Amino acid sequence: MAVVLGCIADDFTGATDLAGLLARSGVKVSLRMGVPDEAPETADTAAFEVIALKCRTIPVADAVAETRAALDWLKRAGAQRFFWKYCSTFDSTAEGNIGPVAEALMADLGASQTMYCPAFPENGRAIFMGNLFVGELPLAESPMKDHPLTPMRDSNLMRLIAPQVTGKVGLANRLTVARGAEALKQRLSDLEAEGVAHVVIDAVADEDLQVIAEACQKMPLMTGGSAVAMPLPGIYLREGAITESAKRAAPPEIGKGAIVLSGSCSAMTRAQVADYLPKAASYKLDPLELAANGAQAARDWLAAQDPDAAKIVYATAEPEDVAKVQAELGVAQAGELVEAALAQLATDALDLGVRRFVVAGGETSGAVTKALGVTAMTIGDEIAPGVPWTWCESKGEQIAMTLKSGNFGSVAFFTEAFAKLDAMS
1 MAVVLGCIAD DFTGATDLAG LLARSGVKVS LRMGVPDEAP ETADTAAFEV IALKCRTIPV
61 ADAVAETRAA LDWLKRAGAQ RFFWKYCSTF DSTAEGNIGP VAEALMADLG ASQTMYCPAF
121 PENGRAIFMG NLFVGELPLA ESPMKDHPLT PMRDSNLMRL IAPQVTGKVG LANRLTVARG
181 AEALKQRLSD LEAEGVAHVV IDAVADEDLQ VIAEACQKMP LMTGGSAVAM PLPGIYLREG
241 AITESAKRAA PPEIGKGAIV LSGSCSAMTR AQVADYLPKA ASYKLDPLEL AANGAQAARD
301 WLAAQDPDAA KIVYATAEPE DVAKVQAELG VAQAGELVEA ALAQLATDAL DLGVRRFVVA
361 GGETSGAVTK ALGVTAMTIG DEIAPGVPWT WCESKGEQIA MTLKSGNFGS VAFFTEAFAK
421 LDAMS
């Protein structure tokens, strides 16, 4: 199938978020974990192709190299429109990686301008006068200010993006967006004439996303959170770029064994873990214990559980506890120990008969999918906005997996996830 839109995401949960919103249209969406080894000319491609990378916090040069390789694969697959997806909380540092990747992709595509819109009103992310809000709080006053890898201490997206890029940065504010797609196109054209290459666009409601998508859909490169891409399938269907033949198939049959693996320490994930603990057998990972003795105790616990029973293994902890561990082990080692343990437990769970996996946290999702050898996913129904079930293969077995960004979903998300899967079966 001809690829209409080629997407690159900077982490695995963000990729499933984007793929899930695109799949709301009913069109088949293919999610690939890393740049595929298979040549795109012979691959079974979908109208919407999403390549998930794990490049949000790696060195800038590595992030640029990986995303350029993904772009090359998508171009050879036939895509002519592209989307660079990052988190709706604009997770990055003054060095990158959002801006440097955008400029590298622009250069490869010969694009003189791109746009930035991480807004996701359905999940409480809004941009007004260039400032990003999480719920009613400015980004810099939200829990993201204490993120262990990308603490967000400024809410203004122009100030955040400017140190990351070489081109000029500008704003198309809500007053322009409210006047419609033609007004926004004119604003973008005026800014381009002034040499502005990077344009932050305000959005506070879903109707703003439709306006932005209409105005920007013919740009060689769009960038943003997943929500601004959500209107694109409808636009492409209306224009005839995709047809009804691109619709997705029914889900496969999946075994009953289930597990939650949580490495995220976000505020919402902490609430979700607390909600699920009374409903499931549980094991809490202690990074200090992992450093001293490895993951064997957790593996032994898992082996003793009923594969079909509800269970959760988690390293989710309060910020002060995370800070203490990081002070003793270092930020990188603490994270790597948890990721390695959860990845090992995922493969153990598969060997024990588990076929349904809920994974919380971007870094954890990357580690788990890699350990399970998952290279491609087909997107199913959403559990919560931006969090779909996916179908994939691991060691020759069909499995269901959902990769949840830390702050997404309701408090009862884990319970709702398995209920949704049962309803789809």
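1 is the number of the first residue of the sequence shown in my numbering; add one for each residue after it. A virtual CB, placed ideally from N, CA and C, is assigned to each residue, including glycine. What you are looking at is a predicted structure, and each value in this text was computed from that prediction instead of being measured.
In the DSSP assignment, Cys216 falls within the alpha helix (DSSP H) that extends over Asp206 to Cys216.
Residue state for Leu285 is assigned as coil, using DSSP reduced to three classes. Taking 9 Å as the cut-off, the Cβ atoms of Tyr116 and Val199 count as close.
According to the DSSP assignment, Gly167 belongs to no alpha helix (DSSP H), since it is labelled neither H nor E.
A straight line joining the alpha-carbon of Thr402 with that of Asn123 spans about 18 Å. The segment 258-266 and the segment 363-380 touch, with three or more beta-carbon pairs separated by less than 8 Å. CA-CA distance, Ala327 to Ala343, rounds to 24 Å.
The DSSP-derived three-state label of Thr89 is coil. Restricting attention to Lys420, Tyr236, Leu184 and Leu132, the CA atom closest to the CA of Ala47 is found in Tyr236. Within the segment 54-124, the complete alpha helix (DSSP H) segments of 4 residues or longer fall at 60-76 and 98-109, listed in chain order. Close CB contacts of Ala267 within its chain, under the 6 Å cut and outside five residues either way in sequence, are with Pro143 (chain order).
Arg355 is not a Cβ neighbour of Ala280, given a cutoff of 9 Å.
Under the DSSP assignment, Gly294 falls outside any alpha helix (DSSP H); it carries neither an H nor an E label. Fewer than three beta-carbon pairs drawn from the segment 67-79 and the segment 87-95 are found closer than 8 Å, and the two stretches are therefore not classed as touching. Taking 9 Å as the cut-off, the Cβ atoms of Gly20 and Gly386 count as close. Relative to Gly130, the option among Gly110, Gln113 and Asn156 whose CA is nearest is Asn156.
Restricting attention to Ala341, Asp275, Val331 and Arg270, the CA atom closest to the CA of Ala295 is found in Ala341. Across the structure, Glu318 and Arg270 are spaced so that their CA atoms are roughly 8 Å apart.
A direct Cα-Cα distance of roughly 21 Å separates Gly110 from Asp10.
A Cβ-Cβ contact shorter than 9 Å links Leu352 with Leu302. Look at Leu221 here: in three-state DSSP terms it is strand.
The closest CA to that of Val196, considering only Arg187, Ala376, Asp202 and Val204, is found on Arg187. Taking a C-beta distance under 9 Å as the contact criterion, Leu232 and Ala102 do not qualify as a contact pair. Remark: C-beta atoms of Pro287 and Ala332 do not approach each other more closely than 9 Å. Looking at the DSSP output, Ala52 sits in a beta bridge with Ala9 and Met33. By the neighbour-count criterion, in which 16 or more other beta carbons inside 10 Å mark a residue as buried, Asn97 falls on the buried side. Secondary structure within the segment 303-331: the beta strand (DSSP E) runs of 3 or more consecutive residues, fully enclosed, are 311-314 (chain order). Going by DSSP, Glu393 is part of the beta strand (DSSP E) stretching over Val387 to Ser394.
In this structure Ile58 is not in contact with Cys7, their Cβ atoms being roughly 19 Å apart against a cut-off of 8 Å.
Assignment of Arg179 by DSSP, reduced to helix, strand and coil, places it in the coil class.
Cβ-Cβ distances below 6 Å link Asp154 to Ala140 and Leu160 in the same chain, with the five nearest sequence neighbours on each side left out; the list follows chain order.
Taking every protein chain shown into account, the CB of Met424 has fewer than 16 other CB atoms within 10 angstroms, so this residue is exposed.
Judged by DSSP secondary structure, Val273 falls outside any beta strand (DSSP E) and instead within the alpha helix (DSSP H) spanning Ala267 to Tyr276. The beta carbon of Phe133 sits closer than 6 Å to those of Ala126, all from its chain and outside the five residues before and after it, given in chain order.
Between Gly34 and Gly362, the C-beta gap is not smaller than 9 Å, which leaves the two residues out of contact.
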